[in-house]
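Residue numbers (the working numbering): -11 to 386.
All C-beta atoms, glycine included, are put in the ideal place defined by N, C-alpha and C.
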C-alpha cells in the first residue's frame, strides 16, 4: 500500500502536468504522427481514437485543471455511529491503492484516467496499446517530470510496455499488488481481462446504444438526435447503433424514409428489420444477432416495435447496458421507459452522446461502467474510492 500523498502534493503534480502538456504540445503531436504513420490496421474508430490534435490536448489540460480544483475524494465521512458502549465508529472514503488501466489507442486516457486515479490517491499502472506506444511514452515522461519536480517518486505513475503474453502473465500473477483493474476498449479486451485477472475488474467501453422513437415523438427532434448520436463521433462508446420506431407513429414509413435518407447523406450504411426493409428498400438484416453488435462505424440498424413495452423488452435483451433514449412528448410514457430500461444512463429527448463524465459534471471520467458494482455509468473522481472503517474506543471488550 502506498502512503497517501497530501492533497496539496497531488494537486501540484496535476497543475504542473497541465503546464507541461501545453509546453510540449507540438512535440506530442509530432510523436503522435509517428504512431499514426506506423498504424497499419483498417479500423477507422481505432485510428480516430489514436489521433492527438489540438482539441484533444486542450481537453487533457482542461481535465487536469478541473481535477486539481475538485475536493479531495479521500477521507470523506460517509457514516458515523456511536455504539452504546461509547465506541465512536466512522466510515470514510479511502484510496484503492494501485489501479491498473488497460486501454487501446487513446493517448488521452494516459492523462485523463491517470489524473483521476492519481488525484484519488492511487498509484497508477498504465497499459496502453502498441499502436499508441510512442505517444504514451512521451506523455508518461511528462508525468514523471511533474512527479520528480515535486519531490515524488516516479513509481506513482508506471507504464507497462507489455505484449499480450506478458499482459496475461501479469494479470494472472502480478509482480506487484494490484487492487483494481479498469479495461477500456472493445469486447475482446474486456473478455481477455475478465478471464485472466485475479482482482476486481470494472468493465468499461461497450456501447450498442438505442433510440426509441415513440408514437408521440417530436419528429424534428428525433431526426436531429439520431443524426447526432450516429455521426458526431463513431469511435466512442456513447455513439448510437440502433433505432426503434413505433408503428403507432402516424406515417411511420415516411419518417423512416426521411431518417434513412439523412443518414445515407452522411455516408452511413443503413440496415433494417423486415418491416423497415419492406417500407424503405434498405437491405434487410440477415440475423437478429446483429442487434447485439456495437459497430464503432458508419453503420446503423433500424427496426420497428408495436409498443413502448416491446421497445423496453428489445433494448433490455440486446443493448450493452450503456445508454438508451426515448423520443416522446409524453412525460408519463418517458418515465415508464426510463425506469424499466436496464442501462446505466437513460434519456428523454436527448442524444446518447452525452453519457460522459465531463458532460455529467464529474470533471472527466476514468471509464463508463456497464457493471452495477461498485459504480454504474461514468466513473468520476468521487467514485474512484473504496471505504474504510475507523473505530475509536477506550478499552471496550465484547
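Apart from the five residues on each side of it in sequence, which residues of its chain come closer than 8 Å, Cβ to Cβ, to residue i?
| i | result |
| --- | --- |
| residue 65 | 78, 79 and 80 |
| residue 261 | 272, 273, 289, 290, 291 and 292 |
| residue 41 | 17 |
| residue 305 | 279 |
Is residue i helix, strand or coil by DSSP?
| i | result |
| --- | --- |
| residue 46 | helix |
| residue 186 | coil |
| residue 290 | strand |
| residue 78 | strand |
| residue 272 | strand |
| residue 145 | strand |
| residue 150 | coil |
| residue 321 | helix |
| residue 253 | helix |
| residue 157 | helix |
| residue 315 | strand |
| residue 266 | helix |
| residue 140 | coil |
| residue 375 | strand |
| residue 15 | helix |
| residue 329 | coil |
| residue 384 | coil |
| residue 343 | coil |
| residue 358 | coil |
| residue 363 | coil |
| residue -9 | coil |
| residue 350 | coil |
| residue 284 | coil |
Do residue i and residue j have their CB atoms nearer than 8 Å?
| i | j | result |
| --- | --- | --- |
| residue 55 | residue 251 | no |
| residue 283 | residue 229 | yes |
| residue 472 | residue 121 | Past the boundaries of the shown model lies residue 472; the chain is included only from -11 to 386, so the question cannot be answered. |
| residue 310 | residue 142 | no |
| residue -8 | residue 109 | yes |
| residue 223 | residue 14 | no |
| residue 257 | residue 286 | yes |
| residue 51 | residue 92 | no |
| residue 60 | residue 19 | no |
| residue 123 | residue 162 | no |
| residue 168 | residue 187 | yes |
| residue 296 | residue 327 | no |
| residue 107 | residue 88 | no |
| residue 140 | residue 1 | yes |
| residue 221 | residue 227 | yes |
| residue 299 | residue 200 | yes |
| residue 267 | residue 244 | yes |
| residue 361 | residue 104 | no |
| residue 12 | residue 130 | yes |
| residue 277 | residue 270 | no |
Can you list, in chain order, the residues of its chain whose CB lies under 6 Å from that of residue i, leaving out five sequence neighbours each side?
| i | result |
| --- | --- |
| residue 111 | -10, 86 and 144 |
| residue 316 | 202, 204, 205 and 322 |
| residue 240 | 233 |
| residue 363 | 357 and 371 |
| residue 34 | 93 |
| residue 76 | 70 and 380 |
| residue 178 | 171 and 191 |
| residue 367 | 353, 354, 355 and 357 |
| residue 160 | 184 |
Short of 7 Å in beta carbon distance, which residues of its chain neighbour residue i, apart from the five on each side in sequence? Order them along the chain.
| i | result |
| --- | --- |
| residue 302 | 232 and 293 |
| residue 73 | 384 |
| residue 225 | 193, 194, 195, 310 and 356 |
| residue 308 | 194, 195, 196, 282 and 358 |
| residue 48 | 9, 96, 99 and 100 |
| residue 46 | none |
| residue 57 | none |
| residue 331 | 307, 309, 310, 311 and 312 |
| residue 150 | 115 and 158 |
| residue 62 | -8, 81, 82, 83, 108, 109 and 373 |
Is there contact between the region 332 to 339 and the region 7 to 26, where contact requires at least three CB pairs shorter than 8 Å? Contact annotation: the region 332 to 339 does not touch the region 7 to 26, with fewer than three C-beta pairs closer than 8 Å.
Report the residue ranges of all alpha helix (DSSP H) runs contained in full by the region 22 to 68; include only those spanning at least 4 residues, in chain order. The DSSP assignment places 32 to 38 and 42 to 57 as complete runs of the alpha helix (DSSP H) inside the region 22 to 68, in order along the chain (cut-off: 4 residues).
Scan the region 96 to 129 and note each continuous beta strand (DSSP E) run of 3 residues or more that stays entirely inside, going in chain order. Runs found: 111 to 115.
The region 61 to 76 contacting the region 360 to 378, beta-carbon criterion three pairs below 8 Å: Yes: at least three Cβ pairs fall under 8 Å.
Would you list, in sequence order, the uninterrupted alpha helix (DSSP H) runs of no fewer than 4 residues that lie entirely inside the region 160 to 242? Runs of the alpha helix (DSSP H) lying entirely within the region 160 to 242 and spanning at least 4 residues, in chain order: 175 to 184 and 207 to 219.
May I ask you to verify whether the region 213 to 221 touches the region 178 to 188, counting CB pairs closer than 8 Å and requiring at least 3? No: fewer than three Cβ pairs fall under 8 Å.
Three or more beta-carbon pairs under 8 Å between the region 133 to 142 and the region -1 to 16, yes or no? Verdict: yes, contact present.
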